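Quick notes on the structure that follows.
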RNA sequence: GUGGGUGUAGCUCAGUUGGUUAGAGCACUGGAUUGUGGUUCCAGGGGUCGUGGGUUCAACUCCCAUCAUCCACCCCA
C-alpha cells in the first residue's frame with residue numbers, strides 16, 4: 060500500500076451522509092426527551108486544563124487521558140536531569156498542561172463552579188459532545204465518541220434519580236430498543252466493605268463482584284484473594300453475592316442481616332427503598348432491577364448508580380451514571396450534590412444498525428432533482444427551483460450538462476424521489492415532465508401541480 | 001498493559017505441496033441506447049501482493065521482525 064495513503068487516527072471515524080442522517084435521528088430523539096424534562100443545553104471546550112481532568116477517573120482513567128503537547132518550546136522548563144531520568148510522569152507535567160475531555164461530567168462540575176453566579180439551582184443541563192479516551196479500540200469502543208449527558212446539580216432529592224430513570228426508559232422506548240436498567244448504590248457497596256472489614260479495598264471489591272455475572276463466583280473469589288482481600292472477608296461476602304428475590308426482599312435482607320453494623324450501608328438501603336417506592340407506580344417499559352453486583356468504575360460516584368444494557372445484542376453499557384456528592388468540592392464548591400446519566404450515542408447506533416431499528420424515512424435526501432439540459436434550460440429552471448424550494452420542498456439542479464444517464468444514475472444513487480425533465484419541448488409547452496424514481500412512471504404537469512404533489 | 005486473528009485492485013475477498021503472465025464480485029469509464037436510472041449484454045482502466053530482512057534455482061505462498069487493523073481480556077459509553 061502506498062505510504063501516503065490518507066488515514067485517520069486509530070479509533071476515530073468519518074461519517075458518511077447516510078450514517079449522519081441516522082446519527083442525527085438518535086441525537087434528535089435524545090435531545091427532545093431531555094428538553095421535555097426541563098434540561099437546557101450547554102457546551103464546554105474539547106480541551107480542559109490537565110489538572111481539571113487528572114485524578115477524577117481512577118488510575119485506569121488517568122492512563123487513558125489524551126494529553127495535548129504544549130505549544131512553543133515545551134522543553135524549556137525541563138531540566139537536563141529530568142530528561143535524562145526519563146521519568147515520564149514528571150515529564151508529562153512539563154510537556155502538557157491541557158488534555159482532551161474524558162467525559163462530560165467532570166467538565167460540567169468545573170463549569171458549575173466557574174459560573175456559579177450565572178446559573179440557578181437546581182441546575183439541569185444537557186450536553187451532547189464528543190469525548191476522547193486513549194483506549195484500545197474494539198467492538199463498541201472508540202477513541203472518539205459522543206456522549207449525551209444530563210445532570211442535575213444542587214439537589215439531594217431522589218426525585219432526580221427517579222426522573223433520570225424515566226428519561227432512560229423514554230429514550231430507549233422512542234428508539235424502539237429493548238433494554239434492562241440496573242440500579243445499585245455505592246453506599247450499600249461501601250457498607251458491605253465496612254462490615255466485612257475491608258473498607259480500604261472497596262474499589263477492588265466492587266470491581267471484582269461487578270464481574271459476577273460474567274465469570275461466576277469462583278473467579279470473583281479468586282480475584283478478591285489476589286487483590287489482597289482477607290479470607291474471612293471473602294467468606295463473609297458469600298451470602299451477599301447469593302442474595303436473590305425482588306428488590307424489596309434483597310433490601311430487607313441487607314437491612315436486617317447484613318448491614319445493621321454499618322451506618323452508611325443502612326443509609327444506602329433506605330435510599331434504595333425510597334427510590335423503588337417512587338418507581339413502583341410508574342409505568343416503565345423496562346422495569347429497573349436492583350443489581351448488587353453493579354459497580355461502575357468512575358471514582359466520583361457516592362450514591363445511586365445506574366446502568367442500561369441492550370437485551371438484543373451483546374454490547375457494553377449503552378447508558379450509565381449515578382450520584383456524586385463531592386465532585387464540585389474538588390473545584391472549590393462544597394456540599395453540592397449532583398446526579399447524572401450519560402448515553403453512548405455510538406453504541407446505541409451500533410445496536411440499532413445491527414437490529415434494523417432505524418425508520419425508513421431517515422433515509423430521505425433530495426425530493427426533486429432537475430436534469431441539466433444546458434444553459435438555456437438552466438436559466439429557465441432556476442426560477443422554478445426557487446419557487447419549489449420556498450414552498451419547502453428539498454430540490455436541486457444537477458450542476459453539469461452531462462449525459463442524462465449519468466444524471467439519472469446520480470439521482471438513483473442518492474435516493475432522490477423525483478426527477479424533473481425540462482427541455483426544449485417542456486419550455487415551449489409550459490410544463491414539467493416529472494418522473495417518479497420508485498415506480499419509473501412519469502407525467503407532464505404544471506409547476507403548481509408539481510408543488511401540490513410533492514409537498 | 002496481556003493474548004489471538006487478518007493485511008492481495010477504490011471496496012469485499014479467492015489464490016493449489018513454493019513454479020514462470022496474480023484472479024472474481026462490486027465500484028469506476030466507454031459502448032449496445034447522442035431526452036431517461038435501478039435489470040441485462042459487450043469492452044476497458046486500475047495491483048512495488050502492508051513494510052523490511054531471511055530461506056530457496058524460484059516467495060503472494062515458508063521463517064523472523066516491524067507497522068496497521070480487527071477481536072478478546074482489563075476497564076468503560
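Numbering (the numbering used here), first residue to last: 60 to 514.
Quick reminder that beta carbons are idealized off the backbone N, C-alpha and C, glycines included.
Predicted model, so just to flag it, every value in this text is computed and none were measured.
query: Could you tell me if residue 250 is buried or exposed, where buried requires 16 or more neighbouring beta carbons within 10 angstroms of its beta carbon?; result: buried
query: Are the stretch 390-401 and the stretch 442-455 in contact at 8 Å, needing three or more beta carbon pairs?; result: no
query: With distances taken Cα to Cα, identify the nearest neighbour of residue 159 among 255, 192 and 307.; result: 192
query: Three-state secondary structure (DSSP) at residue 245?; result: helix
query: Given that a residue counts as buried once 16 or more other Cβ atoms are within 10 Å of its Cβ, and exposed if not, what is residue 264?; result: buried
query: Is the beta carbon of residue 428 less than 7 Å from the beta carbon of residue 367?; result: no
query: Considering only C-alpha positions, which residue in the set 476, 484 and 432 is nearest to residue 461?; result: 432
query: Helix, strand or coil: which one does DSSP assign to residue 408?; result: helix
query: Strictly by DSSP, which residues pair up with residue 494?; result: 478 and 501
query: Locate the alpha helix (DSSP H) running through residue 197, then write down its first and last residues.; result: Counting along the chain, residue 197 falls outside any alpha helix (DSSP H), and DSSP gives it neither H nor E.
query: Could you name the residues that DSSP lists as bridge partners for residue 459?; result: For residue 459, which the question treats as bridged, DSSP gives no partner whatsoever.
query: Run through the stretch 256-292 for me and flag every whole alpha helix (DSSP H) of 4 or more residues, listed as ranges in chain order.; result: 261-268 and 271-285
query: Once the 5 residues before and after residue 180 are set aside, which same chain residues still bring their CB inside 6 Å of it?; result: 213
query: If we ignore side chains and look at the alpha-carbon of each, how far apart do residue 375 and residue 355 end up?; result: 12 Å
query: So, under 8 Å CB-CB, residue 151 and residue 108 are touching, yes? Tell me the CB distance rounded to an integer number of Å.; result: That belief does not hold up - the Cβ atoms of residue 151 and residue 108 are roughly 14 Å apart, past 8 Å.
query: Since I believe residue 240 is in contact with residue 228 (beta carbons under 8 Å), could you give me their beta-carbon distance rounded to a whole number of angstroms?; result: 7 Å
query: Please tell me whether residue 100 and residue 201 are closer than 7 Å, where the distance is taken between their beta carbons.; result: no
query: At 4 residues or longer, and completely inside the stretch 366-451: list those alpha helix (DSSP H) runs for me, N to C.; result: 404-413 and 434-449
query: Quick test of your reading: residue 328 and residue 351, contact by CB under 8 Å. State the CB separation rounded to the nearest angstrom.; result: Not really, about 11 Å apart at Cβ, beyond 8 Å.
query: Using 10 angstroms around the beta-carbon of residue 79, count the other beta-carbons present and answer buried if the total reaches 16, otherwise exposed.; result: exposed
query: Do residue 416 and residue 235 have their C-beta atoms closer together than 7 Å?; result: yes
query: Can you find a heavy atom of the ligand NAD that lies under 6 Å from the Cβ of residue 284?; result: No copy of the ligand NAD occurs in the structure displayed, which carries no ligand at all.
query: When DSSP builds the beta bridges, which residues end up paired with residue 184?; result: 99 and 210
query: Taking 7 Å as the limit between beta carbons, can you name the residues of its chain near residue 62, skipping five residues before and five after?; result: For residue 62, the predicted structure reports a pLDDT of 41, less than 50, and the residue's modelled location is therefore unreliable. A value from the coordinates is still provided. Same-chain partners within the cutoff: there are none.
query: Do you know how far the Cα of residue 206 is from the Cα of residue 514?; result: 36 Å
query: Work out the CA separation of residue 142 and residue 413 for me, nearest whole Å.; result: 49 Å
query: Please state the DSSP three-state secondary structure of residue 158.; result: strand
query: Roughly how far, in whole angstroms, is the beta-carbon of residue 172 from the beta-carbon of residue 153, given that I think they are within contact range, below 8 Å?; result: With a Cβ gap of about 27 Å, residue 172 and residue 153 do not count as contacting.
query: Below 6 Å CB to CB, which residues in the same chain sit around residue 255 once its five sequence neighbours on both sides are set aside?; result: 292, 295 and 296
query: So, with DSSP's three-state summary, where would you put residue 126?; result: strand
query: Taking Cβ positions, are residue 510 and residue 493 nearer each other than 7 Å?; result: no
query: Taking all protein chains shown into account, do 16 or more other C-beta atoms lie within 10 angstroms of the C-beta of residue 324, making it buried, or fewer, making it exposed?; result: buried
query: Across which residues does DSSP place residue 349 in a beta bridge pair?; result: 242
query: Can you name the start and end residues of the beta strand (DSSP E) that residue 106 belongs to?; result: 106-108
query: With DSSP as the reference, identify every bridge partner of residue 204, one or two as the case may be.; result: 190
query: Quick check on residue 470: does DSSP put it in helix, strand or coil?; result: helix
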